[in-house]
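Undergrad:
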Amino acid sequence: MNSDILISVIINCYNGENFLKDCFESINKQTYKNWEVIFWDNQSYDNSKEIFNFYSNDKYKYFYAENHTKLGEARNLAVEKSKGDWIAFLDCDDYWEYDKLEKQVNLFLKIKDPRLSFIYSKIKIINSTNIITDVWQKKITKKSLFNLNNLPNGEIFNDLIFENFIPMSSALIKKSHYIEIGGIDNNLKQVEDYDLFLKLTSKYNAFSLNEELVFYRIHDNNQSIGNSELVFDEIFYILSKYKHNKFYSKI
15 MNSDILISVI
25 INCYNGENFL
35 KDCFESINKQ
45 TYKNWEVIFW
55 DNQSYDNSKE
65 IFNFYSNDKY
75 KYFYAENHTK
85 LGEARNLAVE
95 KSKGDWIAFL
105 DCDDYWEYDK
115 LEKQVNLFLK
125 IKDPRLSFIY
135 SKIKIINSTN
145 IITDVWQKKI
155 TKKSLFNLNN
165 LPNGEIFNDL
175 IFENFIPMSS
185 ALIKKSHYIE
195 IGGIDNNLKQ
205 VEDYDLFLKL
215 TSKYNAFSLN
225 EELVFYRIHD
235 NNQSIGNSEL
245 VFDEIFYILS
255 KYKHNKFYSK
265 I
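Heads up, the sequence shown is in the working numbering, so the first residue is 15 and it goes up one at a time.
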């Protein structure tokens, strides 16, 4: 395993004290060790900074936002502070399996695809007490959200245009590609991750690990569970940008 690949783990936090310990524990326990943490505090007023200070070491970098921003803009600002060739977003209420980064790095080294832009995986959905649940999935869709039986590989834009099946906390993304496509659209509030992955897959390839490597938490304060009308409007805006794409024109 090549330990020279530096991964920047991006954690954007706004009052995340309830679940930050699980998040930090999962990073510290990673079997892949060449990483840094970019912790972007979006003007929290709870104990998030104190929890950060308890877990931090010389691999942890803390940044306090000058202004409170939308999550997408906060993520872009955090990426600007990163030094890694690869970036991995980890929401402060989620956490990883201990070997998540190692398995993704090994897959990258095995594939050796110059057009590879990111590697993603399946997730386990948990509640506020870390119990695995599918209740939320059944409410949203008849099939398992984010957990297709066989995740697609290679040119996956055609698959992604029909459904957003890539969880943000699962992806290991090549930083140069992220910057090249302009990062996250700062105007979006609900589905900025979907826009990001469509932009990446419209130009590059993606590969998957058919394993559940992320614990994705559903709770009352999730920003991703909110205004369904706004979600629809933003998805319509995003898809309209691809109306001349060779795949989109077939829909």
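Glycine included, C-beta positions come from ideal geometry on N, C-alpha and C.
Rounded C-beta distance between D99 and K189? I'm assuming under 8 Å.
TA: 6 Å
Undergrad: Suppose the cutoff is 6 Å on Cβ atoms and the five residues either side in sequence are ignored; what does the same chain contact list for G197 look like?
TA: N90
Undergrad: Report the CB separation of M182 from F103 in whole angstroms; it is logged as a contact under 8 Å.
TA: Yes, M182 and F103 are in contact; Cβ-Cβ is about 5 Å, under 8 Å.
Undergrad: Does DSSP put I145 in a helix, in a strand, or in coil?
TA: Secondary structure of I145 (DSSP, three-state): coil.
Undergrad: G86 by DSSP, collapsed to three states: which one?
TA: helix
Undergrad: Assign F179 to buried or exposed, taking buried as 16 or more other Cβ atoms, counted over all protein chains shown, within 10 Å of its Cβ.
TA: buried
Undergrad: Could you tell me whether any non-hydrogen atom of the ligand FMN is closer than 7 Å to the CB of A102?
TA: Because no ligand of any kind appears in the structure shown, any question about the ligand FMN cannot be addressed here.
Undergrad: Which residues share a DSSP beta bridge with A220?
TA: F132, G168
Undergrad: Would you decide whether I146 is buried or exposed? Buried here means 16 or more other CB atoms lie within 10 Å of its CB.
TA: exposed
Undergrad: Based on Cα-Cα distance, which residue from Q118, I193, I232, K213 lies nearest to L186?
TA: Q118
Undergrad: In three-state DSSP terms, what is D72?
TA: coil
Undergrad: What is the DSSP secondary structure of Y46, counted as helix, strand or coil?
TA: coil
Undergrad: Within 8 Å, do at least three Cβ pairs link the region 16-34 to the region 49-64?
TA: Flag = yes, the region 49-64 and the region 16-34 touch.
Undergrad: In terms of alpha-carbon separation, which member of Y74, F246, E39 lies closest to Y112?
TA: E39
Undergrad: Would you call Y192 buried or exposed, if buried means 16 or more other Cβ atoms sit within 10 Å of its Cβ?
TA: Under a 10 Å Cβ-count criterion, Y192 is classified as buried, with 16 or more other Cβ atoms of the shown protein chains found around its own Cβ.
Undergrad: Closer than 6 Å by C-beta to S216: which residues in its own chain qualify, once you throw out the five before and the five after it? Chain order, please.
TA: F171
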